[in-house]
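Visitor: In UniProt numbering, the protein residues as written are 1 to 439.
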Amino acid sequence: MTDIKKGLAGVTVDETAVSKVNPETNSLLYRGYPVQELAATQPFEAVAYLLWNGELPDAAQLGALRDTERAHRALTDDVRAAIDLLPTSAHPMDEVRTAVSVIGARETAGISNVMDAVGTPEENLERAVRLWAQLPAVVAYGQRRRRGQELIEPRDDLDYAANFLWMTFGEEICTRPQVAEPVEAGGVASVPDPSTGSGSSGTGSGSSGTGSRSAGVPDPVVVDAFNRSMTLYAEHSFNASTFTARVIASTLSDLYSAVVGAIGALKGPLHGGANEAVLHVFREIGSAENVGPWLDAALADKRKIMGFGHRVYKRGDSRVPTMKAALDTLVAHYDRPDVAALYDALESQFVERKGIYPNLDYPSGPAYDLMGFDTLTFTPLFVAARVTGWTAHIREQQAANALIRPLSAYVGPDERHVEGYVPDAAALETQDRPEEAAG
């Protein structure tokens, strides 16, 4: 009897040097570096460089990557026009998927031989960087369009995370009231360097109480938390969307087609859509006092509680403590103990009853909400981060390619033949007279 591994559970299908998930030690390594260290010490641009190139960048390499990213930040006319053709009620993941298709069509225009569209390793690294650079504008414009707000152009004096927030919120992200001290030493909030006019990684300063910080400077507390979330979401081995991208790449399709397929996989609530679902749960519960009765009813109805459990991690997601620390900082920053109380109550009661631990989506949902992102924008944020990991895997697949084509165990009818089959005469007669069928 064939041994079926539903969902490829426990099946090792290939090798990778991009990341290592180790559930036994509850660790995740990007090219050998613990993700917690990278999130706490590195700007997201450096993490992207690491995933693509295998090593952290030196100052010149990081500067060159930032220059390229800044040069391609703006939302191009063709992408904006394509997004504007979609109804504002469309899911933002549909906007992002459409945008990548348009970008890919533009980038490969004029290539008549499909084999040439695959690209060289160097070409695909350049494509990956340009695509990564353009996605924040796509995500930011999508949220603003749904809110009836105007497009905000990017700023080249801000690093990746700060500019992403600027394009999404504008001055709002610079002037929100503060109620706690900003990032502690060691954070990676991006602020403009007044001596050079360019963004630099470092700690920011700001007022406590209800004052506003200097105009035009995105809140370093939010920037730091957002930067950490991007790093935590950037890569996670052969997850569903990454494997989808590698399957498509294995056919020698182009990088953009592989990313579009990955976006389709990530849209599913069992994968990327879970962080949206967490916020819906929080809003449904309302407050910490309601957790017990709500959980009683949810478990009685056999509801799946999103934000808990993981196919690989059984003793807790290794990324959760880092993201939870970022959430705690935002909770203090905006004086929202109610969020912390609800978070802790649901986690403790669910773990006690089911023995299932939170995954990364559990703390990231309320964190993104406190940052000001719409719930529908959460999964596109995942795309903006994970495109670095996807494209690293696509290039790895292309470098040592084998067409991915698994087998299946057939469970249908035994062999049979058409001879002697007579279709239903009445049905055929109705097909010949469609006007009668319509009546």
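Every residue, glycine too, gets a C-beta built ideally from N, C-alpha and C.
Would you report the Cα separation of Val339 and Gly286, rounded to the nearest angstrom?
Guide: Roughly 10 Å separates the two Cα atoms.
Visitor: If you check the beta carbons only, do Pro136 and Arg73 fall under 8 Å apart?
Guide: Yes. Within cutoff.
Visitor: For Pro194, which of helix, strand or coil comes out of DSSP?
Guide: Here Pro194 scores only 35 on pLDDT, less than 50, and its place in the model is too uncertain to base an answer on.
Visitor: Just reading off the alpha helix (DSSP H) that residue 440 is part of, what are its end residues?
Guide: Since the first residue shown for the chain is 1 and the last is 439, residue 440 is missing from the structure and cannot be characterised.
Visitor: Among residues of its own chain, excluding the 5 on either side of Arg228, which ones have a beta-carbon nearer than 6 Å to its beta-carbon?
Guide: Excluding positions up to five away in sequence, the list reads Ala39 and Ala326.
Visitor: Can Met323 and Val278 be called in contact, C-beta distance under 8 Å?
Guide: Contact: no.
Visitor: Measuring straight from C-alpha to C-alpha, what distance separates Pro57 and Glu289?
Guide: Each residue's alpha carbon lies about 48 Å from the other.
Visitor: Would Leu62 and Tyr49 be called neighbours here (beta carbons separated by less than 8 Å)?
Guide: Yes.
Visitor: Mind the definition here: the segment 373-388 touches the segment 263-279 only if three or more C-beta pairs lie below 8 Å; say whether that holds.
Guide: Segments in contact, yes.
Visitor: By a C-beta neighbour count over all protein chains shown, 10 Å radius and 16 as the cutoff for buried, is Asp84 buried or exposed?
Guide: Label assigned to Asp84: exposed.
Visitor: Going by beta carbon distance, what residues of the same chain come within less than 8 Å of Tyr233, once the five residues before and after it are set aside?
Guide: For Tyr233, where only same-chain residues beyond five positions count, the Cβ hits under 8 Å are Leu360, Ser364, Leu381, Phe382, Ala385 and Arg386.
Visitor: Looking at the structure shown, is Ser19 part of a helix, part of a strand, or coil, going by DSSP?
Guide: The answer is strand: DSSP assigns Ser19 an E or B state.
Visitor: Are there 16 or more other CB atoms within 10 angstroms of the CB of Ser408, so buried, or fewer, so exposed?
Guide: By the neighbour-count rule (16 or more Cβ atoms within 10 Å), Ser408 is not buried but exposed.
Visitor: Starting from the Cα of Gly261, find the closest Cα among Trp166, Val281, Tyr33 and Ala240 and give me that residue.
Guide: Comparing Cα-Cα distances from Gly261 to each of Trp166, Val281, Tyr33 and Ala240, the minimum goes to Ala240.
Visitor: Ala345 to Arg405, Cα distance in whole Å?
Guide: Looking at the two C-alpha atoms, the distance is approximately 45 Å.
Visitor: Name, in chain order, the residues that DSSP records as bridge partners for Leu29.
Guide: Note: Leu29 sits in a beta bridge opposite Lys20 and Pro34.
Visitor: To the nearest angstrom, how far is the alpha carbon of Val18 from that of Pro218?
Guide: Their Cα atoms are separated by approximately 32 Å.
Visitor: Can you give me the C-alpha to C-alpha distance between Asp156 and Leu8, rounded to a whole angstrom?
Guide: Each residue's Cα considered, the two are about 44 Å apart.
Visitor: So, with DSSP's three-state summary, where would you put Gln178?
Guide: Summary for Gln178: the model assigns pLDDT 44, below 50, so the residue's position carries little reliability; its value from the coordinates is reported in the next sentence. Here Gln178 sits in coil by DSSP.
Visitor: Look at the alpha carbon of Leu131 and the alpha carbon of Val100, and state the distance between them as a whole number of angstroms.
Guide: When rounded, the distance between both Cα atoms is 8 Å.
Visitor: Where does Pro154 land, buried or exposed, given buried means 16+ other C-beta within 10 angstroms?
Guide: That one is buried.
Visitor: Is it buried or exposed for Lys6, if we count other Cβ within 10 angstroms and need 16 for buried?
Guide: The residue is exposed, with fewer than 16 neighbouring Cβ atoms inside 10 Å.
Visitor: Assign Ser208 to one of three DSSP states: helix, strand, or coil.
Guide: Note on Ser208: pLDDT 32, under 50, position unreliable in the model; no value is reported.
Visitor: Please go through the same chain and pick out, in chain order, the residues whose beta-carbon is closer than 7 Å to the beta-carbon of Ile248, but skip the five residues on each side of it.
Guide: Counting only Cβ-Cβ distances below 7 Å, and skipping sequence neighbours, we find Ser257, Ala258 and Gly261.
Visitor: Measure the Cβ-Cβ separation of Asn401 and Ser250 and say whether it is below 8 Å.
Guide: Result yes, Cβ atoms of Asn401 and Ser250 sit closer than 8 Å.
Visitor: Quick one: residues in its chain with C-beta nearer than 8 Å to the C-beta of Thr388, no 5 flanking neighbours on either side, listed in chain order?
Guide: Closer than 8 Å at the Cβ level, and outside the excluded window around Thr388, lie Val47, Ala48, Leu51, Trp52, Ala128, Trp132, Ala234 and Glu235.
Visitor: Have a look at Ser318, Gly292, Asp374 and Gly309 and flag the residue whose alpha-carbon is nearest the alpha-carbon of Ala341.
Guide: Minimum Cα distance to Ala341 is reached at Gly292.
Visitor: What's the C-alpha gap between Arg144 and Asp159?
Guide: Taking the straight line from one Cα to the other gives about 21 Å.
Visitor: Using only CA atoms, which one of Arg315, Val222 and Arg319 lies nearest to Glu37?
Guide: With distances taken between Cα atoms, Glu37 lies closest to Arg319.
Visitor: Following the continuous alpha helix (DSSP H) through Asp77, name the residue where it begins and the one where it ends.
Guide: Counting along the chain, the alpha helix (DSSP H) containing Asp77 begins and ends at Asp77 to Asp84.
Visitor: Scan the segment 83-108 and note each continuous alpha helix (DSSP H) run of 4 residues or more that stays entirely inside, going in chain order.
Guide: With a minimum length of 4 residues, the continuous alpha helix (DSSP H) runs that stay inside the segment 83-108 are 92-107.
Visitor: Would you please state the rounded distance, in angstroms, between the beta carbons of Leu165 and Val221? I believe it to be under 8 Å.
Guide: Actually they do not touch by this definition, with Cβ atoms about 11 Å apart.
Visitor: Determine the extent of the alpha helix (DSSP H) in which Leu8 is found, giving its start and end residues.
Guide: Leu8 -> no alpha helix (DSSP H), and no H or E assigned at all.
Visitor: Find the nearest neighbour of Leu151 within the set Gly264, Ala162, Arg336 and Thr168, judged by alpha-carbon distance.
Guide: Cα-wise, what sits closest to Leu151 is Thr168.
Visitor: Are the beta-carbon atoms belonging to His139 and Val96 less than 8 Å from one another?
Guide: The sequence shown places Val at residue 139, not His. A contact, by the Cβ cut-off of 8 Å.
Visitor: Is Phe226 close to chain D? Criterion is C-beta to C-beta, closer than 8 Å.
Guide: No chain D appears in the structure shown, which is made up of a single protein chain.
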